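Here our numbering is used: the first residue of the sequence shown is 523, the next is one more, and so on.
For each residue, glycine too, the CB sits at the ideal point set by N, CA and C.
Nothing here was measured: the structure is a model prediction, and the numbers come from that model.
What follows is a single structure, written as structure tokens, with notes after it.
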Amino acid sequence: VDGNWKTVIHDDTYLLSENDVGYQFRCVTKSGKVSEPTRVVELEPKIASYVRSIIKANQFKVKAKAKIGVVIWTITIEGNVIILSTRNGTNKSSKLNSVSIEAVQNTPDEMVLWLDRSSKFTLIPDLSDDKRLESVIKKENVRDFVVAVIRGFITISLK
Numbered sequence: 523v524d525g526n527w528k529t530v531i532h533d534d535t536y537l538l539s540e541n542d543v544g545y546q547f548r549c550v551t552k553s554g555k556v557s558e559p560t561r562v563v564e565l566e567p568k569i570a571s572y573v574r575s576i577i578k579a580n581q582f583k584v585k586a587k588a589k590i591g592v593v594i595w596t597i598t599i600e601g602n603v604i605i606l607s608t609r610n611g612t613n614k615s616s617k618l619n620s621v622s623i624e625a626v627q628n629t630p631d632e633m634v635l636w637l638d639r640s641s642k643f644t645l646i647p648d649l650s651d652d653k654r655l656e657s658v659i660k661k662e663n664v665r666d667f668v669v670a671v672i673r674g675f676i677t678i679s680l681k
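This is how it looks when you write it as structure tokens:
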């Protein structure tokens, strides 16, 4: 920030996401009145704790439905590799250092995962196969939780 503010949206509402972690926000009214900056956005401590423990375990598996169509992908991370697979045997994999992920702005559940520059997947993650995680991560936080976990693995792979 340091005095450099960027316009994020021209709308009456804004839905915070994992993309906003580490940033501050302020509102500017149509008449030009400016609010005080928010605190720096952080993950909820409970969610951050689960993210750290999964990254420490060095493996993660989650299902995600394609935004368009009926394909359900299983996203698996082990070590330095991410694999997307389907029940019918389709597999796509990439090293984590070439992967990027972000929450889709102003949606509660969509994320975009790039395995490389040409392989883009818009997905809706689902924790229903992991009853332990499903019981502690609220439905409205699933997408941000998954994005945070995958970003954590990417960060580790870049070191």
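Taking just the CA atoms, how far does Ser553 sit from Lys614? Locating residue 614 in the sequence shown gives position 92, where the first residue counts as 1. Locating residue 553 in the sequence shown gives position 31, where the first residue counts as 1. Whole-angstrom Cα-Cα distance: 50 Å.
Looking only at its own chain, which residues have a Cβ that is under 8 Å from the Cβ of Trp636, when we skip the five neighbours before and after it? Translated into the one-based positions of the sequence shown, residue 636 becomes position 114. Cβ neighbours of Trp636 beyond the five flanking positions: Val621, Ser622, Ile623, Lys642, Phe643.
How is the alpha helix (DSSP H) around Val573 delimited, first residue to last? If you number the sequence shown from 1, residue 573 lands on position 51. Note, Val573: alpha helix (DSSP H), 567 to 579.
Could you tell me whether the Cβ atoms of Ile577 and Ile678 are closer together than 9 Å? Numbered from 1 along the sequence shown, position 55 holds the residue referred to as residue 577. Numbered from 1 along the sequence shown, position 156 holds the residue referred to as residue 678. Yes, these two residues count as a Cβ contact at 9 Å.
Please name the residue or residues paired with Leu606 in a DSSP beta bridge. To locate residue 606, count along the sequence shown from 1; it is residue 84. Beta-bridge pairing links Leu606 to Ile597, Lys614.
Just to confirm the assignment, what range does the alpha helix (DSSP H) spanning Asp638 have? Translated into the one-based positions of the sequence shown, residue 638 becomes position 116. Looking at the DSSP string, Asp638 is not in any alpha helix (DSSP H); the run it does join, the beta strand (DSSP E), is 633 to 638.
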